[in-house]
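The C-terminal residue of the sequence shown carries number 207 in the numbering used here, and the numbering is unbroken.
This report refers to the structure that appears directly beneath it.
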Amino acid sequence: MNQTPATTPATLAEKKNQAPVKNTGAATGQGTTSINDGVVAKIAGIALRDVEGVYDLGGGAARAMGALRSAVGQDNNLKQGISVEVGQTQAAVDLSIIVEYPHPIYDVADNARKAVVEAIQSLAGLEVTEVNIEVLDVHVPGDDQDAEQKNDEQESRVK
49 MNQTPATTPA TLAEKKNQAP VKNTGAATGQ GTTSINDGVV AKIAGIALRD
99 VEGVYDLGGG AARAMGALRS AVGQDNNLKQ GISVEVGQTQ AAVDLSIIVE
149 YPHPIYDVAD NARKAVVEAI QSLAGLEVTE VNIEVLDVHV PGDDQDAEQK
199 NDEQESRVK
């Protein structure tokens, strides 16, 4: 029988010039790799830590749960305020953020989007099809101090 080899020098040279292709191993019989939505959400949460102007993630209930977890010594939930849909090669992300005053909201959102896309693409190897951002609030630094003072006053009255 006359069989041509599957990898001739010409086909190897052609493959070297091609863009890298994601291979989950399914075609080679070596198995598959799947990435859980929560993993991608956590990658996004970590990426958002370094974005200037992002004060916090999630709405009031998610932040209250995060504060409760911190109070009992558990790690802060990096996935709060982040919703992710992961497919075979793509991911879509929805973020709910609180912007720090006086940072320009659209600049913060653009920087957050870029950071999330870059992190997911480099760490998970997924194409990010969209990052939708909902700005829930603007944090004014003095608001925290006012709220702490009110809580301290209420606690002293109870004692």
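All C-beta atoms in this analysis are idealised placements derived from N, C-alpha and C, irrespective of residue type, glycine included.
Using a Cβ distance threshold of 8 Å, determine whether the stretch 134-145 contacts the stretch 170-182, with at least three qualifying pairs required.
With the rule of 3 Cβ pairs closer than 8 Å, the stretch 134-145 counts as touching the stretch 170-182.
Cα-Cα separation, residue 100 to residue 149:
Here residue 100 is taken as the residue at index 52 of the sequence shown, counted from 1. Here residue 149 is taken as the residue at index 101 of the sequence shown, counted from 1. Rounded to whole angstroms, the gap between the alpha carbons of residue 100 and residue 149 is 11 Å.
Out of curiosity, what's the CA-to-CA distance linking residue 98 and residue 159?
In the sequence shown, residue 98 corresponds to position 50, counting from 1. In the sequence shown, residue 159 corresponds to position 111, counting from 1. Between the alpha carbons of residue 98 and residue 159 lies a gap of roughly 10 Å.
Give the secondary structure of residue 91 by DSSP, where H, G and I count as helix, E and B as strand, and everything else as coil.
Here residue 91 corresponds to residue number 43 of the sequence shown, with the count starting at 1. DSSP, read as helix, strand or coil, puts residue 91 in helix.
Cβ neighbours of residue 165 in the same chain (closer than 7 Å, five flanking residues each side left out)
For this step, residue 165 is matched to residue 117 along the sequence shown. Hits under 7 Å: 176, 179.
Residues near residue 69 by beta carbon distance below 8 Å, same chain, minus five either side:
Here residue 69 is taken as the residue at index 21 of the sequence shown, counted from 1. Because residue 69 carries a pLDDT of 37, less than 50, the predicted location of this residue cannot be relied on, and the following value inherits that uncertainty. Sequence-distant partners of residue 69 (beyond 5 residues in either direction) whose C-beta falls short of 8 Å from its own C-beta are missing from its chain.
Which runs of the alpha helix (DSSP H) at least 4 residues long sit entirely within the stretch 119-178? Give them in chain order.
Here the runs fully enclosed are 153-172.
Residue from 162, 132, 171, 126 with nearest C-alpha to residue 93
Numbered from its first residue, the sequence shown carries residue 93 at position 45. Scanning 162, 132, 171, 126 for the CA closest to the CA of residue 93 turns up 126.
According to DSSP, is residue 98 part of a helix, a strand, or is it coil?
As a position in the sequence shown, residue 98 is number 50, starting the count at 1. Here residue 98 carries a coil assignment [DSSP, helix/strand/coil].
Bridge partner(s) assigned by DSSP for residue 181
Here residue 181 refers to the residue found at position 133 when the sequence shown is read from its first residue. BP columns for residue 181 point to 143.
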